[in-house]
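Below is one structure, written out as structure tokens; comments come after it.
Laid out in structure tokens, this is it:
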């Protein structure tokens, strides 16, 4: 926590773990700039009162509190939907209020449950590393300072101080995967699989995963280059010479950057795409196309499902999970949409023409105004009317340049 330079948000739901987080950190670092963040998911009538209780706690601690509210209705797994919505709101709050990081109250018990859940899903090395103490989610830095502590120890501390908390009734519902794993804790502990041993195993696996991450980054630097259109060109010989685990990790990152999807591809589809790169052919995964021949492979965003966005002057938005687009304060409203087939005439083969169709193009009331990524615009269109920036870590790919020719 002391290595974080700037204000920190504390994610406080009102449960025992997050209340302990707020209490311990504000006492341990009384001069630090902490802001409590609490979320009303709109799923229970009691949520508003629970948020009010967190605001009251913040007032007692002498800290500001921001109540964040989820809009929309759940899709798929309610807990997964709520988690994504929550972290999205944390990221928005961090950007709006200048927070350098957000701290959560996850404990050793949560870590053990996460490892069991990942084992049940057949997760790979990265997944089995479970929760990291210092990571990023939705672009915001997330820290978990309580991962070495047991939930019961925190509750004993709160009891001793006469501090109360609120138990979410969903935490007793075995229909949820995490709660089902929580109920296994006692019988597993009798066999030696205690939260301590499970958390230690997750830490070992996380270290191994970090090593693979480093090797994957080096592989991306060696053999993947970014075309001006946002597609990727892969040196097939260098790629195939790397270890399979490293290739799969690198490919997962390449697909995430190129496709803009928040969810990583399934292992089976990653393995198939890696086989295609080695053997030649074409496949799709994670909203991208992978096409390989004897010399090289190319990866680009599929044309389907690219939703346009409209920017008011001075506004910022995400485009397709791939780019951040910001309009000039003194400009006119602009529509950002996939460039379409017409963009092909402005690029060379090394730019990956198929990717050109999916790059962001700018449209105003008169029609097509510009293709920012390749520097093409109408004569009357101001050069810096809209800034387009990659959302993900494209810096992992080769020297930071766009391909302009072979």
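In this note's numbering, the protein residues as written are 119 to 524.
All C-beta atoms in this analysis are idealised placements derived from N, C-alpha and C, irrespective of residue type, glycine included.
- In the structure shown, the three-state DSSP call for residue 368 is helix.
- Selection 287, 392, 404 evaluated against residue 132 yields 287 as nearest (Cα-Cα).
- A direct Cα-to-Cα measurement between residue 318 and residue 262 gives close to 16 Å.
- Short of 6 Å from the beta carbon of residue 382, and not among the five residues preceding or following it, lie these beta carbons of its own chain, in chain order: 370.
- Taking C-beta separations shorter than 7 Å and ignoring five residues to either side along the sequence, the partners of residue 506 in its chain run 441, 443, 478, 490, 491, following chain order.
- When DSSP states are grouped into helix, strand and coil, residue 441 belongs to the strand group.
- As computed with DSSP, residue 183 is found in a beta bridge with 154.
- Unbroken beta strand (DSSP E) runs of no fewer than 3 residues, entirely contained in the segment 399 to 433, are found at 399 to 403, 406 to 410, 414 to 419, 427 to 429, following chain order.
- Boundaries of the alpha helix (DSSP H) around residue 205: 196 to 215.
- DSSP places residue 507 in the uninterrupted beta strand (DSSP E) bounded by 504 to 508.
- Straight-line measurement puts the Cα of residue 439 at about 14 Å from the Cα of residue 372.
- The segment 280 to 328 contains no complete beta strand (DSSP E) run of 3 or more residues.
- Under the DSSP definition of a beta bridge, residue 481 partners with 453, 486.
- Three or more beta-carbon pairs separated by less than 8 Å are not found between the segment 234 to 244 and the segment 204 to 211, which leaves the two stretches without contact.
- In the DSSP assignment, residue 260 falls within the unbroken beta strand (DSSP E) covering 258 to 261.
- About 12 Å separates the beta carbons of residue 142 and residue 130, which is beyond the 8 Å limit, so they are not a contact pair.
- The residue from 475, 201, 344, 499 with its alpha-carbon nearest to that of residue 484 is 499.
- Three or more beta-carbon pairs separated by less than 8 Å are not found between the segment 210 to 220 and the segment 271 to 287, which leaves the two stretches without contact.
- Beyond the five residues adjoining it in sequence on each side, residue 192 comes within less than 8 Å, by CB distance, of 161, 199, 200 in the same chain, given in chain order.
- In the DSSP assignment, residue 120 forms no beta bridge with any residue.
- A distance below 8 Å between beta-carbons, with the five flanking residues on each side excluded, links residue 429 to the following residues of its chain, in chain order: 435, 443, 444, 445, 451, 452, 453, 454, 504.
- In the three-state DSSP reduction, residue 221 falls in the strand class (E or B).
- If you look at residue 149, you'll find it isn't in any alpha helix (DSSP H); DSSP assigns it neither H nor E.
- Just measuring C-alpha positions, the residue of 432, 289, 420, 437 sitting nearest residue 426 is 437.
- Rounded to whole angstroms, the separation of the alpha carbons of residue 380 and residue 405 is 11 Å.
- A straight line joining the alpha-carbon of residue 463 with that of residue 471 spans about 8 Å.
- Sequence-distant Cβ neighbours of residue 217 in its own chain, meaning closer than 8 Å and more than five residues away, are 124, 125, 126, 127, 153, 211, 258.
- About 6 Å separates the beta carbons of residue 385 and residue 242, which is inside the 8 Å limit, making them a contact pair.
- Segment contact: the segment 349 to 366 against the segment 394 to 411, three or more CB-CB distances shorter than 8 Å; contact assigned.
- Straight across, the Cα-Cα distance linking residue 226 with residue 299 is about 14 Å.
- Our two residues, residue 341 and residue 351, have alpha carbons roughly 8 Å apart in a direct line.
- Under a 10 Å Cβ-count criterion, residue 502 is classified as exposed, with fewer than 16 other Cβ atoms of the shown protein chains found around its own Cβ.
- In the three-state DSSP reduction, residue 395 falls in the helix class (H, G or I).
- Using a 10 angstroms sphere on the CB of residue 195, the tally of other CB atoms stays under 16, which defines it as exposed.
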